[in-house]
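Peer 1:
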Amino acid sequence: MTTLALLGGRLPWLATAPRPTEDARWLAAAVPPLAAGSQVLDVGCGSGMVGLVLALRTPGLQLWGVELQPARVAEARCHAAWANVSARLIEADALTWRAPHPFPVVVSNPPFHAHRRGHHSPNPAKALAHGLPALAPWLQAIRQALAPGGAAYVVLHASLQAELLDYATPHGGTLQLRPLASHPARPPKRLLACWRPNLAVPCAISTLPVVPAYHTPLREAVLRDGACLGAWGYGW
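Our numbering runs 1269 ahead of the 1-based position in the sequence shown.
(1) Using a Cβ-Cβ cut-off of 8 angstroms (strictly less than) and excluding sequence neighbours within five positions of P1302, which residues of its own chain qualify?
(2) Cutting at 8 angstroms between CB atoms, please list the residues of its own chain near I1359, excluding the five before and the five after it.
(3) Would the beta-carbon of L1468 fall within 9 angstroms of that of H1440?
(4) Applying the 10 Å Cβ sphere with the 16-neighbour rule, what's the burial state of S1475?
(5) In three-state DSSP terms, what is H1389?
(6) Among L1433, A1421 and L1460, which has the Cα closest to the Cα of A1403?
(7) Taking the alpha helix (DSSP H) that H1452 belongs to, which residues open and close that run?
(8) Based on the DSSP secondary-structure assignment, which residues constitute the bridge partners of T1285?
(9) Please report the straight-line C-alpha distance between A1431 and F1381, rounded to a whole angstrom.
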C-alpha cells in the first residue's frame, strides 16, 4: 500500500486518498492549544486531516468525526490508526446526525457553494463536497453538537461571510473573524472563524487582522509542521 508522509513524516497518508487541502491545515492551525485529553468533534471530517493535526499536537486528544462519504471514513480510520490516534469516526450525514454528548470544541470545513461561482466538478465526490446549497443547516449541526461555553472553529470561502453572520447573530455570544490571504495584493478568499454562541447575550462580532498565508515561514510552519497560529501572534 503506497503512502505519503505528511507533517514532517509524522502522519502517513494513503496515496490514493485526496490530498489534504490547505484549508484543512489552516483550520487546524486556527484552533488554540488544547488541554491534554480534550474532546474535539470534526463535522464533515473527510479523510481526517484537521482532527489528526490537532491530535498530533495534543496528548490524549479524544477525536470524533462524522462524514457522509464511506471512502473518506475508511481513509480517516486508516490515517488515525497509522498515527496512533484514538478516534471515533462515524459514517453519517452531518446534517441529520446527533452527537451523543456536547463537545467543548467543534471544528469544520463546510462545503463551499462552488456551483454558485460557476464551478461544476465532474467528480461526484468533489461535487458533493462543494455543493451544499446553504450554509445555515451546516452551522445548525455545529451548534447542536457544541457544549455551552464551547467554541466552534470553521474555515469558509470569503463569499459565505454574510450567510455566517445571518445565522450566528441571532444566537448571541461572540463571533471572531480572521481573513486568510493567499496573496499580498488580492482580497482574501478564505475566512477563519471562531464562534461561541450564547443566547444569553447579544452577538459581539469582531474582525481580527488578516493572516498572511503567503508568508513563506508561516506557510511552512502550518502546512509542513502543523503549527498553531497563536504561536505566530494570530490567536483569538
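Ideal Cβ positions, reconstructed from N, Cα and C, are used throughout, including at glycine.
Peer 2: So, to answer that:
(1) Here residue 1302 corresponds to residue number 33 of the sequence shown, with the count starting at 1. Counting only Cβ-Cβ distances below 8 angstroms, and skipping sequence neighbours, we find R1326, T1327, C1497 and G1499.
(2) Residue 1359 sits at position 90 when you count from the first residue of the sequence shown. Answer for I1359: W1333, G1334, V1335, E1336, V1342 and W1366, listed in chain order.
(3) Within the sequence shown, residue 1468 is the residue found at index 199, counting from 1. Within the sequence shown, residue 1440 is the residue found at index 171, counting from 1. Cβ distance < 9 angstroms, so L1468 and H1440 count as in contact.
(4) The residue labelled residue 1475 in the question sits at position 206 within the sequence shown. So S1475 counts as exposed.
(5) As a first step, residue 1389 must be located in the sequence shown, where it is residue number 120. Any reading at H1389 must be qualified, since the residue scores a pLDDT of 47, below 50, and its modelled position is unreliable; no value is offered.
(6) As a working note, residue 1403 is residue 134 in the sequence shown. The shortest C-alpha separation from A1403 is found at L1433.
(7) Position 183 of the sequence shown holds residue 1452. That residue, H1452, is in no alpha helix (DSSP H); it is neither H nor E in DSSP.
(8) By one-based count along the sequence shown, residue 1285 stands at place 16. Answer by DSSP bridge pairing: none, since T1285 is not bridged.
(9) As a position in the sequence shown, residue 1431 is number 162, starting the count at 1. As a position in the sequence shown, residue 1381 is number 112, starting the count at 1. Each residue's alpha carbon lies about 13 angstroms from the other.
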